[in-house]
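Asks: Sequential numbering of the sequence shown, starting at 2, is according to our numbering. We put the CB at the ideal spot given by N, CA and C, even for glycine. A single structure is presented below for examination.
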Amino acid sequence: MLFSFGLVLIVGYLLSLLNVFVLIAFVIIGLVFFRLLQARLIGESIRVHEEQFGDIYRDFKDYATQLGIRRAALYIRQDPTLNASTIGLHTCSVVLNSALVEQLTKEELNFVIAHELGHYKAGHTLISTLLMPVGSNNPYSSLIFGFWNRKAEYTSDRCGLLVTKNIDSAISGLLKLALGSKLFKNFNVEGYVAQIKKAQNSDMNWGELIGSHPLILNRIKQLTVFWKENFRHREM
2 MLFSFGLVLI VGYLLSLLNV FVLIAFVIIG LVFFRLLQAR LIGESIRVHE
52 EQFGDIYRDF KDYATQLGIR RAALYIRQDP TLNASTIGLH TCSVVLNSAL
102 VEQLTKEELN FVIAHELGHY KAGHTLISTL LMPVGSNNPY SSLIFGFWNR
152 KAEYTSDRCG LLVTKNIDSA ISGLLKLALG SKLFKNFNVE GYVAQIKKAQ
202 NSDMNWGELI GSHPLILNRI KQLTVFWKEN FRHREM
């Protein structure tokens, strides 16, 4: 009996050590992935500064200062998709796709920039770095970590709105992410409002379960509620 009990203790100890080594290896792999991604993104991008797209840079620095982010850098890379990303552990690096800069208004772009800074401020970049070995294109990762990722997007949306304080530009910016700027010119706002109301009583929310990002419909609904709860006085 003593021998069996001792054997169980030894096996349990070895398994605990194995778990520790697996965790350490997972973290190391995540950091390696992060360094490679950072080098790739920054290497193929143009850094924004006072003499390079100075108007965008000044807004970026202003928002970073408001959020207490001391080390922040902004980049633009050539990419036809309406998207942006944020990476960094000790330094916040925001990368804007060129399509965003070309198709969004100044106010809409500012919301996106503040949204991306929100990811860093909330610590999302640290967690996403550790999750890099799982892979963003892995369908299982969306099911397992998608809930956290969607909550992170909602949090960053609210941060973007808190900083810019412009609900109209936030909504139009999100709609352009879904439609593109050309289609947005002929966009039927009343029809979309009806779609949002209908979605409240449908199974559409379940569609988020297989995605890494919330549906644009839901993001707009959440932002509108947040605006009314915190900025109603601005409309009076």
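Flag this pair as touching only if the segment 183-192 and the segment 146-160 have three or more C-beta atom pairs under 8 Å; answer yes or no.
Replies: Counting Cβ pairs under 8 Å, fewer than three are found: no touch.
Asks: By Cβ distance, which residues of its chain are closer than 8 Å to residue 172, with the 5 residues on each side in sequence left out?
Replies: The sequence position of residue 172 within the sequence shown is 171, counting from 1. Around residue 172: 221, 224 and 225.
Asks: Can you grab the Cα-Cα spacing for the pair residue 164 / residue 59, in whole Å?
Replies: Position 163 of the sequence shown, counting from 1, holds the residue named residue 164. Position 58 of the sequence shown, counting from 1, holds the residue named residue 59. Distance between the alpha carbons of residue 164 and residue 59 is about 14 Å.
Asks: Three or more beta-carbon pairs under 8 Å between the segment 166-180 and the segment 122-129, yes or no?
Replies: no
Asks: Distance check for residue 217 and residue 179, CA to CA, integer angstroms please.
Replies: If you number the sequence shown from 1, residue 179 lands on position 178. If you number the sequence shown from 1, residue 217 lands on position 216. So the two alpha carbons sit approximately 7 Å from each other.
Asks: So, under 8 Å CB-CB, residue 101 and residue 83 are touching, yes? Tell me the CB distance rounded to an integer number of Å.
Replies: By one-based count along the sequence shown, residue 101 stands at place 100. By one-based count along the sequence shown, residue 83 stands at place 82. In this structure residue 101 is in contact with residue 83, their Cβ atoms being roughly 6 Å apart against a cut-off of 8 Å.
Asks: Please report the straight-line C-alpha distance between residue 64 and residue 183, rounded to a whole angstrom.
Replies: The residue labelled residue 64 in the question sits at position 63 within the sequence shown. The residue labelled residue 183 in the question sits at position 182 within the sequence shown. Taking the CA atoms as reference points, residue 64 sits about 28 Å from residue 183.
Asks: Assuming residue 120 contacts residue 153 (C-beta within less than 8 Å), just tell me the rounded distance between them.
Replies: Walking along the sequence shown from the start, residue 120 turns up at place 119. Walking along the sequence shown from the start, residue 153 turns up at place 152. Yes, residue 120 and residue 153 are in contact; Cβ-Cβ is about 7 Å, under 8 Å.
Asks: Counting only the same chain and skipping the five closest in sequence on each side, list residues whose C-beta sits under 8 Å from that of residue 92.
Replies: The residue given as residue 92 occupies position 91 in the sequence shown. Excluding its 5 nearest sequence neighbours in each direction, residue 92 has C-beta neighbours in its own chain below 8 Å: 72, 73 and 74, listed in chain order.
Asks: Could you compute how far the alpha carbon of residue 129 sits from the alpha carbon of residue 68?
Replies: On the sequence shown, residue 129 is found 128 positions in, with the first residue counted as 1. On the sequence shown, residue 68 is found 67 positions in, with the first residue counted as 1. Those two C-alpha atoms are separated by around 20 Å.
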